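**Q** Right, I'll just put the structure down here and ask away after.
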Amino acid sequence: MLPELLSSRALPPLKSRGEMLETLLENEYGVLPETDVKIAVGKETVLENRLDLGRAALSEVPFTVTTPRGSHTFPLRRLLHNDGKKRPFVVFMDFSDRAPSFYFPVERVAERGFDVLSFCYTDVTSDDGDFTSGLAPLLLPQGQNTPDAAGKLRIWAFAASRVLDYAETLPGLDMPDAAVLGHSRLGKTALLAGATDERFRFVLSNNAGCAGDSLARGGLGRTGQKGKHGGPGESVAAISRVFPFWFCKNYLRYAETNEPAGFDQHDLLACIAPRFVHVGIADMDDWADPVSQKLCCLAASPAWEETGLPGFVYDDVPPAPGDAAMAGRVGCHCRSGPHFLSYRDWEVYLDFIEGHIQRYT
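Read left to right, the sequence shown gives residues -13 to 347 (the numbering used here).
This is the structure in structure tokens:
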């Protein structure tokens, strides 16, 4: 069933990682000019030190990124164990400027033995067309003055990589098992961070949808029919009308056709090969188009299979609550409910990391 649905999409074939990434940056997410970057961390403020029976603490530090054009500082929250063991960890991009937050179950993550470095995305740069906000003018001093100049997704992904630079200085973090996680627009950002920074071994995308983990061509909604929004999931036209600043201006050319020339979102997932990527689906999230999310995993799978690695190992059915494809390097699960990053989603993502740490190391 799924292979037949996929063949009807007439997707462009996958290319080399370098070719796909160059195409995605020039035509969708945008390019950042090369610049010297330094990072610095200020004095720690402990927020909670009783987590996980005292073996972990939640704290906050001021995190400063400096380029030749100036500096920008934002709060970085750290969930770190203090028992001397090296831990797998997650760079988590949050919608909240507090921890614990609506999307971040701190206590449970600590109990599972993971560390986390977390920041609120709007502390990096505002979620609008203002390119004088936060980190943006330090990277794009002229703003989006060219068709391929980076949008805000690229800047948030850049910040995730700078946090990963800092992670390399923390002796308790296991760098070979670094993960990045985001929800919705930050799920798109997590995929972009994983595609551009090969130090992220695990890339976790929750309900990213259009311009993230859902194919643009031929969207069909969650049941194979038109969704409740009156169309087959969010289109390039819809997303670029409301959030044009997330992307480079070149991407807006595809609003009318909904068929980006020479690429689609399977290329973004394929740029993560041979590492690990996991896509989270919610069965009521018509706007993200669950069928197209699962098909995106299937379409990206050859990037792993062609090198002899297991890609997307799946059941040949549309997404349904309780489905979880965890065996390959491309994972996918479907949760019952609406667009949200839930406690259950976190559990599946941590299961995926743990399973592959045990299997492949």
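Note that CB positions come from ideal geometry on N, CA and C, so glycine has one too.
Because the structure is a prediction, the values reported are computed rather than measured.
How far does the alpha helix (DSSP H) with A61 in it extend, from its first residue to its last?
**A** Position 75 of the sequence shown, counted from the start, is the residue given in the question as residue 61. Per the sequence presented here, residue 61 reads as Pro, with Ala not at that position. Here P61 belongs to no alpha helix (DSSP H); instead the beta strand (DSSP E) covers G56 to H67.
**Q** When DSSP labels each residue in this structure, what does K1 get in the three-state scheme?
**A** Taking the sequence shown and counting its residues from 1, one reaches residue 1 at position 15. DSSP places K1 in coil when its eight states are reduced to three.
**Q** Here's the rule: buried if 16 or more other CB atoms are within 10 angstroms of the residue's CB, otherwise exposed. What is Y329?
**A** One-based indexing of the sequence shown puts residue 329 at position 343. The residue in question, Y329, is exposed, as its Cβ has fewer than 16 Cβ neighbours within 10 Å.
**Q** What is the DSSP secondary structure of C283, reduced to helix, strand or coil?
**A** Locating residue 283 in the sequence shown gives position 297, counting from the first residue. Note: C283 maps to helix in three-state DSSP.
**Q** With a Cβ-Cβ cutoff of 8 Å, do G16 and G137 count as a contact?
**A** Taking the first residue of the sequence shown as 1, we reach residue 16 at position 30. Taking the first residue of the sequence shown as 1, we reach residue 137 at position 151. Result yes, Cβ atoms of G16 and G137 sit closer than 8 Å.
**Q** Assign A136 to one of three DSSP states: helix, strand, or coil.
**A** Position 150 of the sequence shown holds residue 136. Looking at A136 - three-state DSSP - the assignment turns out to be coil, as it is neither helix nor strand.
**Q** Taking only three categories from DSSP, how would you classify L(-9)?
**A** For this step, residue -9 is matched to residue 5 along the sequence shown. Three-state DSSP puts L(-9) in a helix.
**Q** Which same chain residues end up closer than 6 Å to E340 when comparing Cβ atoms and leaving out the 5 residues on each side of it in sequence?
**A** The residue given as residue 340 occupies position 354 in the sequence shown. So the list is empty, once near-sequence residues are dropped.
**Q** Determine, using beta carbons only, whether I141 and A122 come nearer to each other than 8 Å.
**A** Against the sequence shown, residue 141 aligns to sequence position 155. Against the sequence shown, residue 122 aligns to sequence position 136. A contact, by the Cβ cut-off of 8 Å.
**Q** Roughly how many whole angstroms lie between the Cα atoms of G260 and K1?
**A** Indexing the sequence shown from 1 puts residue 260 at position 274. Indexing the sequence shown from 1 puts residue 1 at position 15. Residue 260 is actually Pro in this sequence, not Gly. One C-alpha to the other measures close to 14 Å.
**Q** Less than 7 Å between C-beta atoms, sequence neighbours within five positions excluded: which residues of the same chain meet that for G198?
**A** Along the sequence shown, one-based indexing puts residue 198 at 212. For G198, where only same-chain residues beyond five positions count, the Cβ hits under 7 Å are G173, K174, L177, S191 and Q251.
**Q** Whole-angstrom Cβ separation of H319 and N193, contact assumed at under 8 Å?
**A** On the sequence shown, residue 319 is found 333 positions in, with the first residue counted as 1. On the sequence shown, residue 193 is found 207 positions in, with the first residue counted as 1. Wrong, their Cβ atoms sit about 11 Å apart, outside the cutoff.
**Q** Should P19 be labelled buried (16 or more other beta-carbon atoms within 10 Å of its own) or exposed?
**A** On the sequence shown, position 33 is the one that residue 19 refers to. It is exposed - the Cβ of P19 has fewer than 16 other Cβ atoms within 10 Å.
**Q** Going straight from the alpha carbon of G216 to that of L11, what length do you get?
**A** For the purposes of this step, residue 216 is identified with residue 230 of the sequence shown, where counting begins at 1. For the purposes of this step, residue 11 is identified with residue 25 of the sequence shown, where counting begins at 1. Reliability of the predicted coordinates at G216 is poor, the pLDDT of 39 falling under 50, and the value obtained from them is presented with this limitation in mind. So the alpha carbons of these two residues sit roughly 30 Å apart.
**Q** Less than 8 Å separating the beta-carbons of S322 and D269?
**A** Within the sequence shown, the letter at position 336 stands for residue 322. Within the sequence shown, the letter at position 283 stands for residue 269. The answer is yes: Cβ separation under 8 Å.
**Q** Does the stretch 82 to 100 come within contact of the stretch 56 to 68, defined as at least 3 CB pairs closer than 8 Å?
**A** yes
**Q** Spatial neighbours of T108 within its chain, please: C-beta separation below 7 Å, excluding the five flanking residues on both sides.
**A** Against the sequence shown, residue 108 aligns to sequence position 122. So the list is empty, once near-sequence residues are dropped.
**Q** To which residues of the same chain is P133 closer than 8 Å at the C-beta, ignoring the five residues directly before and after it?
**A** Within the sequence shown, the letter at position 147 stands for residue 133. Excluding residues within five positions, the ones whose Cβ falls inside 8 Å are C234, K235 and N236.
**Q** Does DSSP classify F144 as helix, strand or coil?
**A** Position 158 of the sequence shown, counting from 1, holds the residue named residue 144. F144: helix per DSSP, three-state reduction.
**Q** Write down every uninterrupted run of the alpha helix (DSSP H) in the stretch 271 to 342 whose length is 4 residues or greater and which is fully enclosed by it, in chain order.
**A** 276 to 286 and 288 to 291
**Q** Given this structure, state the Cα-to-Cα distance separating A42 from V277, to the nearest angstrom.
**A** Counting from one through the sequence shown, the residue named residue 42 turns up at place 56. Counting from one through the sequence shown, the residue named residue 277 turns up at place 291. Approximately 39 Å between the Cα atoms of the pair.
**Q** Let's see if you can read the secondary structure: which residues bound the alpha helix (DSSP H) around P162?
**A** Working through the sequence shown from its first residue, we reach residue 162 at position 176. Not the alpha helix (DSSP H): P162 falls in the beta strand (DSSP E), residues L159 to H169.
**Q** Quick one: which unbroken alpha helix (DSSP H) runs of 4-plus residues sit fully inside the stretch 69 to 116? Chain order, please.
**A** 92 to 97 and 107 to 110
**Q** Rounded to the nearest angstrom, what separates E120 and V303 at their Cα positions?
**A** As a position in the sequence shown, residue 120 is number 134, starting the count at 1. As a position in the sequence shown, residue 303 is number 317, starting the count at 1. Reading the sequence as shown, one finds Gly at residue 120 and not Glu. Distance between the alpha carbons of G120 and V303: 44 Å.
**Q** If contacts are defined as beta-carbon pairs under 8 Å, then F338 and G317 qualify, I think. What distance do you get, rounded to the angstrom?
**A** For this step, residue 338 is matched to residue 352 along the sequence shown. For this step, residue 317 is matched to residue 331 along the sequence shown. F338 to G317, Cβ: 5 Å. Contact.
**Q** Check F233 in the structure and name its three-state DSSP category.
**A** As a working mapping, residue 233 is identified with position 247 in the sequence shown. Three-state DSSP puts F233 in coil, outside helix and strand.
**Q** Have a look at M6 and A289 and give me their C-alpha separation to the nearest angstrom.
**A** For the purposes of this step, residue 6 is taken as residue 20 along the sequence shown, with counting starting at 1. For the purposes of this step, residue 289 is taken as residue 303 along the sequence shown, with counting starting at 1. Looking at the two C-alpha atoms, the distance is approximately 11 Å.
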